[in-house]
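The structure appears right after this line, and notes come after that.
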Amino acid sequence: MLKRINWDGLGITASLACAIHCAVLPLFMSSLPLFGINIIENPQFEYLMIAIAFAVGSVALYHGYKKHHQKWLPLFVFAVGFVFLIAKMAWHEWSNLFLLPAVICIVSAHVLNYRSGKR
84 MLKRINWDGL GITASLACAI HCAVLPLFMS SLPLFGINII ENPQFEYLMI
134 AIAFAVGSVA LYHGYKKHHQ KWLPLFVFAV GFVFLIAKMA WHEWSNLFLL
184 PAVICIVSAH VLNYRSGKR
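Here the sequence shown is numbered in the numbering used here, starting from 84 and rising by one per residue.
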């Protein structure tokens, strides 16, 4: 029997992994170059992570909207979160200011989507 993918769970996990990546990675900043790893302040890596999170989140939220609840609020909160993520990339000097609301919005969108589908 094929197992169904919980897209909201995957989206929440991806969002939390992104938050952990952004919070913990600076702690290892001084040791990563010793191992030949250069993903800190690497715009291509950051944009790749944002694209992956956007793809997974969009599929999850669209599925919830289309199949379960037809509510726009999770999609709107998700979009606001991604505006903050793009702002984080555009204005590096304010990146810490934009990161927290981005993560809160994206995770909240998945939680709203999950809860809306349960009713």
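Ideal placement from N, C-alpha and C gives every residue a C-beta, glycine not left out.
Quantities reported herein were computed from a predicted structural model and do not represent experimental measurements.
Compute every distance between the C-beta of C101 and the non-hydrogen atoms of the ligand FAD, then say whether any falls below 7 angstroms.
Because no ligand of any kind appears in the structure shown, any question about the ligand FAD cannot be addressed here.
Using 8 angstroms for Cβ pairs, my map puts V139 next to A97. What's the rounded Cβ distance?
5 angstroms
Where does W90 fall in DSSP's three states?
helix
Please determine if the stretch 180-198 and the stretch 148-159 are in contact, where contact requires at least 3 C-beta pairs separated by less than 8 angstroms.
yes
Please look up how many angstroms separate the CB atoms of V186 and A102, rounded, as I've assumed it's under 8 angstroms.
4 angstroms
Under DSSP, the alpha helix (DSSP H) around Y148 begins and ends at which residues?
Here Y148 belongs to no alpha helix (DSSP H), and DSSP marks it neither H nor E.
When E129, A136 and F128 are compared against D91, the one with the closest alpha-carbon
A136
Where do the N-terminal and C-terminal ends of the alpha helix (DSSP H) with K171 fall, by residue?
L156 to A173
Contact set for P184: own chain, Cβ-Cβ below 6 angstroms, skip 5 residues either direction:
F167
In whole angstroms, what is the alpha-carbon distance linking L182 and G200?
27 angstroms
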